[in-house]
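Per the UniProt record's numbering, the very first residue in the sequence shown carries number 1; after that it's consecutive. Data first, discussion second: the structure below is written as structure tokens.
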Amino acid sequence: MVNYFQLYRFASKYELSVIVFAVICAAAHGTAFPLFAYVFGDTLNDLGEGSDNVVDAVSKQCLYMVYIGIGAWGFSWAWHGIFTATASLQATRLKIRHFEAVLCQDIAWFDKISPAELPTRMTEDVTKVQQALGFRVGLFIMNMSMAIAGLTIGFIRGWQVCLVMLAATPVIIVSTTMMGIVLAKSSKISQTSYAKAGAYAEEALSSIRTVTAFGGQQREIERYSSALEQARLGGTKAGLYTGLSLGLTFGATYAAYALTIWYGGTLVRDGTINSWTGVPYTGGDIIAVFFSVLMATFGLGQAMPPIQIFQIGKASAGEIYRVIDEEVPIIETSIARQTTSTTSSSSTPPPPPVSFSKLSFCDVCFTYPSRPDVQVLSNVSFDITTGMKVAFVGESGSGKSTVMALLERFYDPVSG
Numbered sequence: 001m002v003n004y005f006q007l008y009r010f011a012s013k014y015e016l017s018v019i020v021f022a023v024i025c026a027a028a029h030g031t032a033f034p035l036f037a038y039v040f041g042d043t044l045n046d047l048g049e050g051s052d053n054v055v056d057a058v059s060k061q062c063l064y065m066v067y068i069g070i071g072a073w074g075f076s077w078a079w080h081g082i083f084t085a086t087a088s089l090q091a092t093r094l095k096i097r098h099f100e101a102v103l104c105q106d107i108a109w110f111d112k113i114s115p116a117e118l119p120t121r122m123t124e125d126v127t128k129v130q131q132a133l134g135f136r137v138g139l140f141i142m143n144m145s146m147a148i149a150g151l152t153i154g155f156i157r158g159w160q161v162c163l164v165m166l167a168a169t170p171v172i173i174v175s176t177t178m179m180g181i182v183l184a185k186s187s188k189i190s191q192t193s194y195a196k197a198g199a200y201a202e203e204a205l206s207s208i209r210t211v212t213a214f215g216g217q218q219r220e221i222e223r224y225s226s227a228l229e230q231a232r233l234g235g236t237k238a239g240l241y242t243g244l245s246l247g248l249t250f251g252a253t254y255a256a257y258a259l260t261i262w263y264g265g266t267l268v269r270d271g272t273i274n275s276w277t278g279v280p281y282t283g284g285d286i287i288a289v290f291f292s293v294l295m296a297t298f299g300l301g302q303a304m305p306p307i308q309i310f311q312i313g314k315a316s317a318g319e320i321y322r323v324i325d326e327e328v329p330i331i332e333t334s335i336a337r338q339t340t341s342t343t344s345s346s347s348t349p350p351p352p353p354v355s356f357s358k359l360s361f362c363d364v365c366f367t368y369p370s371r372p373d374v375q376v377l378s379n380v381s382f383d384i385t386t387g388m389k390v391a392f393v394g395e396s397g398s399g400k401s402t403v404m405a406l407l408e409r410f411y412d413p414v415s416g
């Protein structure tokens with residue numbers, strides 16, 4: 001798993017600059033909801049006064065609400081469009097680099113993995129990274145901004161009521177943290193299991209004649225079911241912990257809501273002075289604090305699902321970056337580079353082919369990377385001059401095909 005900011009590895013400088021602008025827009029969008037609660041509290045106070053200019057006062061508050069709505073519309077349009085567009089561009093580059101890295105790997109790399117898993121990973125993993133870079137980033141920032149702004153307005157408008165409403169916060173933090181850890185582990189297990197299941201299915205379907213000829217249908221079903229069973233067990237465990245976490249979160253939240261309304265009523269009844277306004281608490285103050293903190297808790301709750309997407313994207317990016325950054329062990333010699341180099345100009349003729357007078361193996365030792373404990377070639381030496389016809393004779397597994405694979409540079413010898 002990589003650091004989240006490493007997901008922006010293939011973003012251009014221009015894209016990073018507009019992403020910063022989108023972050024600012026998303027944060028500004030998040031403040032709209034707590035500001036609406038603040039204005040709504042003032043509106044209730046104006047309605048409760050019953051003065052002659054109540055219509056003018058309420059109209060002024062309604063105009064503030066219209067301004068907040070226009071700002072929310074503009075900011076939401078900006079951040080959603082930017083995050084979606086930049087994520088698509090980065091995903092396209094990532095797909096190309098990943099495919100290029102896979103094609104540049106040597107044969108030994110393919111011996112250690114199942115090639116049938118590659119199409120699934122190249123499609124699904126990049127999609128998960130794109131989701132972690134898309135509009136859910138703005139959604140997370142907007143909800144976190146909503147939480148911070150809501151708590152700030154709540155403490156300013158009535159800190160006593162705000163503290164009472166935050167009584168359930170420790171329970172919510174512990175339960176959501178537990179849910180995030182479990183979901184991240186479950187996602188990694190499910191991702192690996194589904195990739196294996198897809199590889200088994202593709203292998204069986206592509207060789208369906210062979211499977212049918214040998215009566216291997218039941219065996220293939222068992223292999224496929226075994227891979228899915230691992231994903232099911234991980235999903236069941238995640239569902240259990242998620243249900244427990246959500247139950248604790250909602251139970252504690254609604255209990256805090258009831259306590260807040262009751263405590264606010266006692267402040268209004270006793271005529272307690274509000275340190276912000278300098279006058280006794282009113283119903284508008286209580287409602288403003290209540291809805292501000294309600295928006296804050298709602299923002300924290302809505303910020304949790306994107307975190308799961310980010311964790312999945314980080315895990316998927318780790319697998320992709322591992323392939324992209326993996327060094328290919330076979331390094332071309334200067335002669336090989338000379339023979340394979342081409343020129344973009346059609347007027348320049350290609351370089352003449354390089355001729356060899358002799359091909360030599362000198363004390364060559366080799367083991368396959370997928371079976372390092374099996375020695376295939378041990379101190380093999382021979383010379384082949386130009387014009388000779390050579391035949392390699394031996395029993396199965398003696399290394400005849402291995403010699404040809406080494407000549408074709410599919411592998412590098414261990415020594416020699």
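Built from N, CA and C at the ideal position, the CB exists for glycine as well.
Taking the C-alpha atoms as reference points, what is the distance between residue i and residue j?
| i | j | result |
| --- | --- | --- |
| A391 | N379 | 19 Å |
| R93 | T177 | 33 Å |
| A195 | L228 | 10 Å |
| I153 | F135 | 27 Å |
| A149 | G158 | 14 Å |
| E327 | L248 | 48 Å |
| K95 | M122 | 7 Å |
| P306 | I324 | 26 Å |
| G283 | Y257 | 15 Å |
| T170 | K314 | Note that residue 170 is Pro in the sequence shown, not Thr. Distance between the alpha carbons of P170 and K314 is about 27 Å. |
Ordered along the chain, which non-local residues of its own chain (more than five positions away) have a Cβ less than 6 Å from that of residue i?
| i | result |
| --- | --- |
| F33 | M146, M295 |
| F382 | F361 |
| I320 | H98, D125 |
| R223 | Y200 |
| Q61 | V39, D42, T43 |
| A101 | V323, I324 |
Using DSSP with H/G/I as helix, E/B as strand and the rest coil, what is residue i?
| i | result |
| --- | --- |
| I113 | coil |
| residue 418 | The chain is shown from 1 up to 416; residue 418 falls before or after that span and cannot be answered. |
| P306 | helix |
| N379 | strand |
| S415 | strand |
| I242 | It is Thr, not Ile, that sits at residue 242 in the sequence shown. Note: T242 maps to helix in three-state DSSP. |
| F410 | coil |
| T212 | helix |
| F291 | helix |
Hey, would you say residue i sits closer than 9 Å to residue j, going by beta carbons?
| i | j | result |
| --- | --- | --- |
| F291 | A37 | yes |
| G318 | M1 | yes |
| L44 | A288 | yes |
| K128 | S316 | yes |
| T253 | Q160 | no |
| V23 | V137 | yes |
| L133 | L7 | yes |
| S190 | A231 | yes |
| T242 | M179 | yes |
| V39 | L166 | no |
| S225 | Q311 | no |
Output needed for residue i: all residues of its chain with C-beta closer than 8 Å, excluding positions within five of it in sequence on either side, in chain order.
| i | result |
| --- | --- |
| V414 | C365, F366, T367 |
| V211 | A204, Q217, E220 |
Sorted by chain position, which residues of the same chain lie with C-beta nearer than 7 Å to residue i's C-beta, five sequence neighbours on each side aside?
| i | result |
| --- | --- |
| V55 | none |
Checklist entry - At which residue ranges does the stretch 2-78 contain complete beta strand (DSSP E) runs of 3 or more residues, listed in the order of the chain? => result none
Item to check | Contiguous beta strand (DSSP E) assignments of at least 3 residues, all confined to the stretch 142-205 | outcome: If one requires a minimum length of 3 residues, no beta strand (DSSP E) run lies completely within the stretch 142-205.
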